[in-house]
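In what follows, a single structure is set out as structure tokens and then discussed.
Numbering (my numbering), first residue to last: 335 to 910.
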């Protein structure tokens, strides 16, 4: 049976017309390029269409590298210069056969060279050129460091823990280079933290990117001791102490920028787990638009944060972006004529012209103790990292009652329930009514990847859970389907959704009369108050987020859309 040509397969799949194929064949006579390459250059077909046709013609598998975790030891079997020259990468080895992902599996010269260099049989598969290039950049940096490490160990034939002096005197050692590679890649990928997790027979390395954990290439188990020791040395931690948790930090220079790294160790049954939190100033958004505020919320929020006194609260769970909102708010009102002081645990980013203090419970420096001293420093504006207990709440209320503008965060599900939380902490309703000026509840949701965004219809259980079964026809749902750009996650970055409750005279009177949260919410709704879920619907309409993502972040809130307010908000509305 005669093998079909690529052009015929594309024609059969109806990816191209006969006229388009004829034009490409004519151009091939003068340019010498392959038909598939010409059709891609003209924008007639996509790279995926060509890969599919080649896969069928050669009877080789088509794979997606974005969803695979490659073994660095396997990657080392092919030198990086060959991988880059022919745009290929090893994916796994079984016996005497090495499987290779290639952008051009018809390149016989590349296959012959691989056989000669590796002394193995070569099994081809096809992947997109962009995915292979990303995989080469991702794995060869780690693999090169591992190679240097293994070569050094073969010469030394000895394993010893890194001492502080060795770390200082031998900055070119392979283990130090490996740690630098792991950190550089995490910073370059905009990861928020690095997790180094020892298991029984391996080390697992994962980065958290846009709130999601991604597994990365990891060194062999034999490197565990030196890898952990190197990080502990850099963080000024006790290398010999492996039974107790430790916390430290160190600075790392990346592309001329100093990145602050917070290190935490935790003893486990297979060794110490290390988490490195990355505080990269480039990821700090000091712009309300970047945070996710719309124009109406920016106007109302700026009006509140420029008041001369009162308590302003931001609520939400851990990792919901409260600190970024606080920093952005302080930076917006910061000026040379204001004395702004913060109490944080810990101080995450240094802000110009703002005095920042950090609590130290071991030394007895708690939120209440620093706050008492702070009140004697005559500040205009104070930021308390978190209201955790009754004592801190009482002091924050007192400070806002005596002429200070106080910002803080609190853990509650939504903005209205913050009022009952303060009452449960022992704050009298009349004090809450007279001091609290505004409450902002927020969540961070993952943005759809714009490169692979497609319309879809959520499943009936998801629509029912959201209370949108009868309204789904009025909404257009979109989500990322997964591509090389987003590592097949369908997501690209994070954005905030916010519900804002302003304490106007009507709400203030309800608080003084000890009204229920449901009654306060009902009155707020008459003035335009929208819940987190309803505001999230606006993001869905814009195609920015998926319904499943919104539900994931708001499913612990009792109600989404009340029966009398079941409508799709065209523009976010807030309390006047």
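All residues carry an ideal CB built from backbone N, CA and C; glycine is no exception.
{"Asked": "Three-state secondary structure (DSSP) of residue 757", "Found": "helix"}
{"Asked": "Start-to-end residues for the alpha helix (DSSP H) that takes in residue 847", "Found": "Counting along the chain, residue 847 falls outside any alpha helix (DSSP H), and DSSP gives it neither H nor E."}
{"Asked": "is_contact[residue 563, chain C] using C-beta, thresh 8 Å", "Found": "Note that chain C does not occur in the displayed structure, where there is just one protein chain."}
{"Asked": "CA-to-CA distance, residue 607 to residue 835, given in whole angstroms", "Found": "41 Å"}
{"Asked": "Identity of the residue in 837, 602, 696 nearest residue 635 by Cα", "Found": "837"}
{"Asked": "Cβ-Cβ distance between residue 743 and residue 649 below 8 Å", "Found": "yes"}
{"Asked": "Classification of residue 579 by the beta-carbon crowding that lies within 10 angstroms, buried from 16 upward", "Found": "exposed"}
{"Asked": "Top-ranked residue by Cα proximity to residue 319, from 387, 756, 735, 350", "Found": "Examination of residue 319 is not possible in this model, given that the chain is present from 335 through 910 alone."}
{"Asked": "Which of helix, strand or coil DSSP assigns to residue 500", "Found": "Note that residue 500 has pLDDT 43, beneath the 50 cutoff, so the model's placement of it is unreliable and no number is given."}
{"Asked": "First through last residue of the alpha helix (DSSP H) which encompasses residue 795", "Found": "794-800"}
{"Asked": "Close beta carbons around residue 340, own chain, < 7 Å, minus the five adjacent residues each side", "Found": "369, 370, 387, 388, 391"}
{"Asked": "For residue 886 and residue 805, the rounded distance between their alpha carbons", "Found": "20 Å"}
{"Asked": "Classification of residue 522 by the beta-carbon crowding that lies within 10 angstroms, buried from 16 upward", "Found": "exposed"}
{"Asked": "Residue 737 burial status per 10 Å Cβ neighbour count (16 or more: buried)", "Found": "exposed"}
{"Asked": "Rounded C-alpha distance that separates residue 763 from residue 651", "Found": "24 Å"}
{"Asked": "Cβ contact check for the stretch 651-671 and the stretch 617-626: 3 or more pairs under 8 Å", "Found": "yes"}
{"Asked": "Any non-hydrogen atom of the ligand NAP within 7 Å of residue 458 CB", "Found": "Ligands in the displayed structure: none, and consequently the ligand NAP is not present."}
{"Asked": "Residue of 462, 363, 379, 708 minimising C-alpha distance to residue 675", "Found": "708"}
{"Asked": "Where residue 492 falls: helix, strand or coil (DSSP)", "Found": "Summary for residue 492: the model assigns pLDDT 42, below 50, so the residue's position carries little reliability, and this model does not support an answer."}
{"Asked": "For residue 448 and residue 430, believed in contact at Cβ under 8 Å, the rounded distance", "Found": "With a Cβ gap of about 13 Å, residue 430 and residue 448 do not count as contacting."}
{"Asked": "Per DSSP, the bridge partner or partners of residue 888", "Found": "According to DSSP, which records beta bridges pairwise, residue 888 is partnered with nothing at all."}
{"Asked": "Inter-residue spacing [alpha-carbon to alpha-carbon] between residue 688 and residue 673", "Found": "7 Å"}
{"Asked": "Beta-carbon gap between residue 597 and residue 610 smaller than 8 Å", "Found": "yes"}
{"Asked": "Top-ranked residue by Cα proximity to residue 856, from 750, 705, 866, 877", "Found": "750"}
{"Asked": "Beta-bridge partners of residue 775, as assigned by DSSP", "Found": "649, 833"}
{"Asked": "DSSP-derived helix/strand/coil call for residue 599", "Found": "strand"}
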